[in-house]
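Going left to right, the sequence shown walks through residues 963 to 1386 as this note's numbering numbers them.
Think of the CB as a built atom: it goes at the ideal place given N, C-alpha and C, for glycine as much as any other residue.
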Amino acid sequence: MNRILIGAQWGDEGKGKVIDILAAKSDIVVRYQGGPNAGHTIKVKGRKFVLHLIPSGVLYSKKICVIGNGVVIDPDALFEEVKMLAQGDIEVRNRLFISDQAHLIFPYHRLMDQLRENSLKKGKAIGTTKRGIGPCYADKMARVGIRICDLRSMSYLRQRLADVVKDRNAILTKVYKVQPISFEKTFAYCQKIRSRLLEFAIDTPKYLYESSKAGKNILFEGAQGTLLDVDHGTYPFVTSSNATVGGAITGSGIAPTFIDRIIGVVKAYTTRVGEGPFPSQFPSKLMEQIQKKGEEFGSTTGRPRRCGWFDAVIVRHAVRINGLDAMAIMKLDVLSGLKNLKIATAYRINGKITRDYPHAINEFSVAKPIYETMKGWNEDITGCKKWNDLPVNARKYLKRLETLTETPIKMVSVGSQRHQTIFL
Ligand code: IMP
């Protein structure tokens, strides 16, 4: 069984926990897009792990982890994560493989991300994680990126890097008026990371093809979420990769005919970190309350996440784009204690009502949600083990989400631990 797991909102849906549960049933876990901008938090036996690049399956000692060609790799972040795992007695050697086609994030990518973000005025800045993600993907598309396989021949790398550094320096000095980067230092950095990185590098599409043919179960873990997808998200307030299902195919090199199930991870409410419109955002008092209760602070940057009501318009959009077979609803427990719950079912945009997500950001930014109100519940649900343990209003709320999104719910999370999960 090969499954793809997708975030159906703006990221931070709680994918880490679902991946962790599904990884137990998988032989191989694959990351296919994004980079160290992601942060998957997993709590196991009272210990908390935050993974940015390495697939969450690494916490199971026998699972193979693959980082696909669609992921942008920051070697410093990668080695730091390997070290963090080693400190927790988790060894990655011989079970972490990285595509030799994956592009590298260099310190100059991080620098350009910061300079660009800092130069943009309020309302225009994206609110990026400043991890160099956008500039690295921009280089990939402009065909000037450096891939892991380029590190095999230092003479080839020298030529390629010389052109890249010259080009970057023109922008750094002329546009941003900062010091140029040194070619020699950048080349020396490559020499330093080279052998450690090449130890992990393999032909991952071939490996995944052969593993799938041999009957292995593969889990493809998405990072970020549908509304942050560069094609299908709230452009330009998006990340620079395809966080939707197509990204799993191109970013890993697996053929679509090898995929059996596509699962969407959906928070029981909505959150967004970074800039950009958010129609169902809570008023400030409720936002503070949910931020605190839901521990809504970014795992990568520590920034508070903006919180709001469940938005069925964006989740329906995610259902369509990704062809979701099922949903996992996360953090339902955070909503306990609210007298009423609202669900955005449509938007009013410039006087017109629509049930569909509008592509133009100037339309989305003036969208006023049309809400449906449901009764909340007061009970603590963190100990619920099965559907019938849930208060009747919680069950009604979930049923309504299924109807509005036209997708069955197969998993409900009522707490951060592995065992606080209801399977349907
Ligand atoms: P970038 O990916 O760092 O370029 O940031 C672009 C946008 O995506 C910003 O709004 C970030 O806050 C958001 N973003 C990137 N990664 C994540 C994530 O893992 N979870 C939630 N938001 C993210």
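Mind checking whether ARG1072 and ARG1057 have CB atoms under 8 Å apart?
no
Please classify PRO1097: is it buried, with 16 or more other beta-carbons within 10 angstroms of its beta-carbon, or exposed?
buried
Within the present structure, is the beta-carbon of GLY1030 separated from the nearest heavy atom of ligand 1 by less than 7 Å?
False, no ligand heavy atom lies under 7 Å from that Cβ.
Locate the alpha helix (DSSP H) running through PRO1097, then write down its first and last residues.
1095-1103
Grouping DSSP H, G and I as helix and E and B as strand, with all else coil, what is THR1367?
helix
With respect to the alpha helix (DSSP H) encompassing MET1292, which residues constitute its N-terminal and C-terminal limits?
That residue, MET1292, is in no alpha helix (DSSP H); its beta strand (DSSP E) goes 1288-1292.
To the nearest angstrom, how far is it from the Cα of ILE1221 to the Cα of PHE1162?
Here the alpha carbons of PHE1162 and ILE1221 stand approximately 25 Å from one another.
To which residues of the same chain is ILE1211 closer than 7 Å at the C-beta, ignoring the five residues directly before and after it?
PRO1218
Return the chain-ordered list of same chain residues with a C-beta closer than 7 Å to the C-beta of LYS1358, the five sequence neighbours on each side being excluded.
MET1336
Helix, strand or coil: which one does DSSP assign to ALA1087?
coil
Is ASP1273 near ILE1224, with beta carbons less than 8 Å apart?
no
TYR1138 bridges to which residues according to DSSP?
Per DSSP, TYR1138 has no beta bridge partner at all.
Flag this pair as touching only if the stretch 1249-1256 and the stretch 1276-1292 have three or more C-beta atom pairs under 8 Å; answer yes or no.
no
Taking SER1327 as the reference, which of GLY1238, GLU1172 and ALA1039 has the closest Cα?
GLY1238
ASN1080: beta carbon under 7 Å from a heavy atom of ligand 1?
no
Looking at C-beta atoms only, is the number of pairs between the stretch 1152-1170 and the stretch 1187-1199 that lie closer than 8 Å three or more?
Flag = no, the stretch 1152-1170 and the stretch 1187-1199 do not touch.
Determine, using beta carbons only, whether PRO1218 comes closer than 8 Å to chain C.
No chain C appears in this structure, which consists of one protein chain only.
Return the chain-ordered list of same chain residues with a C-beta closer than 8 Å to the C-beta of ILE1371, the five sequence neighbours on each side being excluded.
ALA1288, MET1289, ALA1290, ILE1291, LEU1360, LEU1363, GLU1364 and LEU1386
When burial is assigned at 16 or more other CB atoms within 10 Å of the CB, is THR1344 buried or exposed?
Around the CB of THR1344, fewer than 16 other CB atoms lie within 10 Å, so the residue is classed as exposed.
Is MET1046 helix, strand or coil by DSSP?
Looking at MET1046 - three-state DSSP - the assignment turns out to be helix.
Let me check you understand the geometry: is the CB of GLY1096 closer than 7 Å to at least one non-hydrogen atom of ligand 1?
yes
Residues bridged to PHE1272 by DSSP?
ILE1305
Starting from LYS1337 and walking both ways along the beta strand (DSSP E), at which residues does that stretch end?
1330-1337
To the nearest angstrom, how far is the alpha carbon of SER1018 from that of PHE1059?
14 Å
Is it buried or exposed, ARG1055, if we count other Cβ atoms within 10 angstroms and call 16 or more buried?
exposed
Using the DSSP secondary-structure output, state which residues sit across from PRO1393 in a beta bridge.
Residue coverage of the chain in this structure runs from 963 to 1386, which leaves residue 1393 outside it and unanswerable.
Could you check if LYS1007 is buried or exposed, using at least 16 other CB atoms within 10 Å of its CB as the buried criterion?
exposed
Can you tell me whether GLU1250 is helix, strand or coil according to DSSP?
helix
Less than 7 Å between C-beta atoms, sequence neighbours within five positions excluded: which residues of the same chain meet that for LEU1021?
ASP982, ILE1004, VAL1006, PHE1011 and ILE1052
Kindly indicate the opening and closing residues of the alpha helix (DSSP H) around CYS1152.
It spans 1145-1160 - the alpha helix (DSSP H) in which CYS1152 sits, taken as one unbroken run.
I want to check one thing, is the minimum distance from the CB of SER1018 to the heavy atoms of ligand 1 below 7 Å?
no
Return the CA-CA distance between ILE1276 and VAL1044, expressed in angstroms with no decimal places.
36 Å
In the structure shown, what three-state DSSP assignment does MET1074 receive?
When secondary structure is reduced to three states using DSSP, MET1074 falls in the helix class.
Ignoring anything shorter than 4 residues, give me the alpha helix (DSSP H) runs that lie fully in the stretch 1180-1230, in order along the chain.
Fully enclosed alpha helix (DSSP H) runs of 4 or longer: 1207-1212.
Rounded to a whole number of angstroms, what is the C-alpha to C-alpha distance between MET1046 and ILE1384?
Spanning the alpha carbons of MET1046 and ILE1384 requires a straight line of approximately 31 Å.
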